[in-house]
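According to full-length UniProt numbering, the sequence shown is numbered sequentially starting from 1.
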Amino acid sequence: MRGSLFWRIFLLNAAVLIAATVLLLLGPVTVSTPVLVREVLILAVGLAAMLAANAALLGIGLAPLARLTRTMSTIDLLRPGHRLAPTGHGGVAELITTFNTMLDRLEAERATSAARALSAQEAERHRVAQELHDEIGQTLTAVLLELKRVADHSPQPVRDQLRQVQETTRNSLDEIRRIARRLRPGVLEELGLTSALRALATEFGATGLAVRGTFDNDLPDLSRNVELVLYRVAQEGLTNTARHADAHHVELTLHHHVVASLGDKPAWAGVELSIRDDGRGLRDAEEGAGIRGMRERALLIGADLAVGSHAGGGTEVRLRVPRPAVRR
């Protein structure tokens, strides 16, 4: 590779210098002693022409390397699929082909490692949610029953204080159950994706955020992994909206699309999840861990995640799952 590129550049320069030497030998121009101003001008023009020709030839020869350098500096494994056409001569095309092969391997390895990490994360969430429900939840339930028993046999001033402790304990138990539901969406396993998204919208609506859910009834069969990714992306999108967007209204939609090909655009069919708010928008903010996590999940099922501002001024998160990925 190194020798091929070296000899290509060397031969380009040699061709320019040989052509200049031949012109000096066969042309009518000679150099006098002392050098005349006219001869200096002729040599200067010839040197400028040689340099311009050399620069043009090198620019043409190394253009594929310049494109490769730009791609290497901007490549993002969370946005896979971008490849360079292996153009150029000699070692340049081979270098681009090797780079594309390396990207294929890196994207495959990243997808595999991300799948393992997210699978372990879901298993850990399941374990923590189970312990919250079985251990802490049952313990607090027993505490509530004991507080009620003690309060029923206590004098009035102490009874009022115990009632307040009961209320605080009950609120803590409700919060633990809410956390457990978020860690392990049991409604997703028991009632399906649409019911889980409706419950998610109701949960965030209780925080003061007006969430309007619109879900198609003719959704195709979705695998458990696809349903879990859709649910987690909706959950993370609503969480980001509640925390950062300063929004009042959110539209949560899940549609089944069948789009025919238009001109050069290929046909697209699949499921699209959208979370659109009326908040302050992204404002050139860098992507945080939440959005990167959504992109990781989208890669697992071959989906496309787009995050940006919409015409209304807020932020829209759109996840498109193509048809091959939604079949069981």
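In this text, a Cβ means the ideal position worked out from N, Cα and C, and glycines have one as well.
query	result
Straight-line gap, H82 to R38 (C-alpha atoms, nearest Å)	55 angstroms
Cβ shell of G237 (< 6 angstroms), same chain only, five flanking positions each side left out	I275, V317
Cβ of L95 within 8 angstroms of any chain B Cβ	No chain B is present in this structure, which holds just one protein chain.
Sub-8 angstroms separation of T239 and D277 beta-carbons	no
Rounded Cβ spacing between V22 and M50 (contact assumed at less than 8 angstroms)	Going by Cβ atoms, the distance from V22 to M50 rounds to 12 angstroms, so no, they are not a contact pair.
Outcome for G281 when other beta-carbon atoms lying within 10 angstroms are tallied against a minimum of 16	buried
Helix, strand or coil at residue 411 according to DSSP, with G and I counted as helix	Nothing about residue 411 can be reported from this structure: the residues present for the chain run from 1 to 328 only.
Cβ contact check for the stretch 162-181 and the stretch 120-138: 3 or more pairs under 8 angstroms	yes
Residue of H249, L319, A48, G302 minimising C-alpha distance to residue 331	With the chain represented from 1 up to 328, any question about residue 331 goes unanswered, as that position is not in the structure.
H126 - DSSP class collapsed to helix/strand/coil	helix
The beta strand (DSSP E) enclosing E316, as first and last residue numbers	315-322
Stretch pair the stretch 160-180 + the stretch 133-151: three plus CB contacts closer than 8 angstroms	yes
Simplified DSSP state of H248, which is helix, strand or coil	coil
Burial state of A142 (16 or more Cβ within 10 Å)	exposed
8 angstroms contact criterion, which L319 and L252 should meet: CB distance rounded	Not quite, the Cβ-Cβ distance comes to about 12 angstroms (not below 8 angstroms), so this is no contact.
Cross-strand partners of D278 (DSSP beta bridge)	For D278, which the question treats as bridged, DSSP gives no partner whatsoever.
Three-state class that DSSP yields for D160 in the structure shown	helix
Between the CA atoms of I9 and A303 - distance to the nearest angstrom	44 angstroms
Nonlocal neighbours in the same chain, by C-beta distance under 6 angstroms from V258, ignoring five residues either side	A269
Supposed contact pair L254 and L197 - C-beta distance, whole angstroms, cut 8 angstroms	6 angstroms
A210 (DSSP reduced to helix, strand or coil)	strand
V229 and I291 closer than 8 angstroms at C-beta	no
D304: first and last residue of the uninterrupted beta strand (DSSP E) it sits in	304-309
Selected residue, minimal CA-CA separation from L222, among R243, F215, R232, G192	G192
One or two residues paired with T253 in a DSSP bridge	T214, S274
Residue closest to G279, alpha-carbon to alpha-carbon, out of G308, G314, E227	G314
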